[in-house]
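Take a look at the structure set out below.
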Amino acid sequence: MRKEGAQERYLKLVDEVIARGPFSAEWDSLAKAKLPEWFNEKRLGIFLHWGVYSVPAYANEWYPRGMYIQGTDEFEHHVRTYGSHERFGYKDFIPMFRAERFDASEWIRLFRAAGAGYLFPVGEHHDGFQMYESELSDWNAADKGPCRDVLGELRSAAEEAGMYFCTSSHRAEHWFFMSHGKEFESDIKEPLRQGDFYWPAMPEREPENWHSTPAPTEEYLLDWLSRTAEIIVKYRPRLLYFDWWIQHEAFAPYLKKLAAFYYNMGKSWGQDVMICYKYDAMAFGSGIVEMERGGFEMPKPYRWQTDTAVARNSWCYTDSLDYKTSRDLIITLIDTVSKNGNLLLNIGPKADGTIPEKDCLILQDFGKWMSVNSEAIDGTRPWKVSLEGTGNIRQGAFQENAEVNYTSGDFRFTARDGVVYAICLACPEDGSFCIRSFASKTDLNDVGKAAAPFRGLLRRVSVLGYDGNVEWKTDPEGLLVRAPGLYSEFPVVVKLEV
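In our numbering, the protein residues as written are 1332 to 1829.
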C-alpha cells in the first residue's frame, strides 16, 4: 500500500548507503565489483514472465501496449473480446488475475528437478504492475489481483530449497508503454499523476528510433530509482536484471547511482551481487553482459548470460505459443556453457498460477538430462577448444531462429578437475564417435579454433549414463569411441579423464 513520504525515504537511503561505500556512483568504481562465485557454479536459471498480461493470454507480454494501438491485431482482438477500451481497459484485467492455484513451493520443486540453480521472476514488467508488496504504488500484487506478495513467496520458497533468488525490473519502458491509449477514447486519459497505474504514458518514436524517444523527466527517473531501491531493500536479490531501454542516455547517472547502492547493499549483507544488462547500458566490467535470444560464436574471456524462452513468439503464456523442442533448448544450454555463459530459461505460467503442460514437459526433459549430465555443465569452464564440427549459432542477439543442422560430428567442450567433457549434440545411431580434437596429430585448421592439439594422456573414457563397455583409441583422425547400443534423442556426454 502506498505510503506518504516513501519515495523520499528510499532516495535518502540510496544517498546514505553510497556515502558509506565502498562503491561510488562511477564506472571505474563499479567495475571493481566481483562476480558472485555461485554464478560460476550454477549455469541454469529460470526466468518467469507472469503478470496481468497473462490474463488475456494473447499475442505476447506486450499486449498492454498493442491493445491500445489502433489497427493492430491486439486492438481488434480486444474490441471483439472485451468491448471498447473506454469501458474495458488494461486495468480491468487486474481483478481477473487471481492466481488462485499459485503454489510457490510446487514451482520451485519443478525448477529444482529441472537442474536449475537460480530463480529470476520478473518484479515489474513494462505494464507497471508490481508483483510484490510496495510502499510506492497501490498497483501491486499484494494490494490488488492475487492480493499476495508473489515475489516474497517465491523468494522464501527458492531460498528454502537452496536456489539463489534474483529478480528483474522492466520499469524503464513504462515511460512510453501505455501512450497510445491517449490517441482515442480509452481509459488512458489525462490528468495522469505519479502513482497512477498508467502514468506517465508519454509519446514514443517508431520502433527503429526508440533510442531517440524523448528522455524521461527527472520525476520519472527518481520514481524508477526509488522503485528499484525498494526491491533491493525488501527482497535482497543476488542478481538484478534490467531490460533493454535502460541504455537510454538519460538513465546513465541514475543507473550508476542505483548500481553503487545495490553493490554496497550486497557488501552489507556479506554477499557479492551484480546487475545483468543489455547492449551498452553499463560500462564493460561493471555488470554481467546479457544476450537476449542469442549468443556468441566463440567463447568469451568474461562471464555472460543469455536469456531465452521455451516459445519463439512470446515470453508469457498465450493460447498460441510456438514451442521449441527440449532438444533445441538443451543444446542452447550446452553451447552457452561451452562459451563461458549461463542460460536463463523463461517459462510463462497461466493467470491462475499453473505451469502449462508443455512448459512442464520441457522442464522434465531438462531434469532427466541434467540428472545424468549435470557434471558437464555446473561448475565447468570452457576448454581450450570450445567447439568441433560445422554447426554453430549466428552471433548476436535475436539470432536463435536461424536454422542450425547439428550432426554427430558437432561437439561442445567443457572442463573441470582434470576432466574434459566432449558433448555430442546429435547422438550417432551406431554409438560410434570420432572426436577430432583428440587426434594423435591434429590439423588445427581442420578442427576449427583450437589453441593447440591435445598432448595429454587419456586415462579413461566413458559415456555418462551408459552402462556398457566403452571401447576407445586414438589415431591421426581423432579419438574413436564406440558405445554399442547407445542412443539418445538428446545430446550425450563423453567424459575424458586426462
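Just so you know, even glycine gets a beta-carbon here, dropped at the ideal spot from N, CA and C.
With a 10 Å radius around its C-beta and 16 neighbouring C-beta atoms as the bar for buried, classify residue i as buried or exposed.
| i | result |
| --- | --- |
| T1667 | buried |
| E1347 | exposed |
| D1458 | buried |
| G1601 | exposed |
| L1692 | exposed |
| P1452 | buried |
| V1824 | buried |
| N1776 | Residue placement at N1776 is flagged as unreliable, the pLDDT there being 44, under the threshold of 50; a coordinate-derived value is accordingly withheld. |
| S1651 | exposed |
| R1313 | No answer is possible for residue 1313: the residues shown for the chain start at 1332 and end at 1829. |
| L1788 | exposed |
| T1663 | buried |
| F1729 | exposed |
For the alpha helix (DSSP H) containing residue i, list its first residue and its last residue.
| i | result |
| --- | --- |
| I1425 | Here I1425 belongs to no alpha helix (DSSP H), and DSSP marks it neither H nor E. |
| E1490 | 1481-1491 |
| E1561 | 1549-1566 |
| P1534 | Neither: P1534 is in no alpha helix (DSSP H) and is coded neither H nor E. |
| F1508 | 1505-1508 |
| F1442 | 1435-1444 |
| F1370 | 1369-1372 |
| W1498 | Just to set this straight, residue 1498 is Thr in the shown sequence, not Trp. It is not in any alpha helix (DSSP H) - T1498 instead sits in the beta strand (DSSP E) that spans 1498-1500. |
| L1664 | 1657-1669 |
| K1343 | 1337-1351 |
What whole-angstrom Cβ distance do residue i and residue j have, given they're in contact under 8 angstroms?
| i | j | result |
| --- | --- | --- |
| F1496 | R1443 | Between R1443 and F1496 the Cβ distance is about 13 angstroms, and since that is not below 8 angstroms, they are no contact. |
| D1648 | K1681 | It is worth fixing the name first, because residue 1648 is Tyr in this sequence and not Asp. Yes, Y1648 and K1681 are in contact; Cβ-Cβ is about 5 angstroms, under 8 angstroms. |
| R1747 | G1722 | Actually they are not in contact, since the Cβ atoms of R1747 and G1722 sit about 24 angstroms apart, beyond 8 angstroms. |
For residue i, which option in the options has the closest C-alpha, if you only look at C-alpha atoms?
| i | options | result |
| --- | --- | --- |
| V1481 | T1498, Q1578, V1345 | T1498 |
| G1512 | L1756, E1535, M1701 | E1535 |
| F1582 | Y1608, N1595, G1601, G1597 | Y1608 |
| D1638 | I1563, S1517, L1660, S1355 | L1660 |
| F1573 | L1810, R1502, V1750 | R1502 |
| G1420 | L1652, E1516, S1385 | E1516 |
| A1337 | G1625, E1621, E1561 | E1561 |
| Q1525 | G1626, I1665, Y1551 | Y1551 |
| K1475 | A1492, L1523, K1422, E1521 | K1422 |
| V1794 | W1803, L1674, G1787 | W1803 |
| M1701 | V1751, R1374, L1523 | R1374 |
| Q1578 | S1599, M1613, V1564 | M1613 |
With DSSP run on the structure shown, which of helix, strand or coil describes residue i?
| i | result |
| --- | --- |
| Y1648 | coil |
| Q1602 | coil |
| I1686 | coil |
| N1723 | coil |
| V1829 | coil |
| E1407 | helix |
| P1815 | coil |
| D1806 | strand |
| K1587 | helix |
| M1596 | helix |
| R1791 | strand |
| P1452 | strand |
| R1747 | strand |
| I1377 | strand |
| V1703 | helix |
| W1461 | The sequence shown places Gln at residue 1461, not Trp. Three-state result, Q1461: strand. |
Can you name the start and end residues of the beta strand (DSSP E) that residue i belongs to?
| i | result |
| --- | --- |
| W1714 | 1712-1719 |
| Q1636 | 1635-1640 |
| D1741 | Run containing D1741: none; DSSP gives neither H nor E here. |
| W1358 | Segment 1358-1361 is the alpha helix (DSSP H) holding W1358; no beta strand (DSSP E) there. |
| F1573 | 1570-1573 |
| Y1674 | Note that residue 1674 is Leu in the sequence shown here, rather than Tyr. Where L1674 is concerned, the enclosing beta strand (DSSP E) stretches over 1672-1678. |
| E1623 | 1619-1623 |
| S1763 | 1763-1766 |
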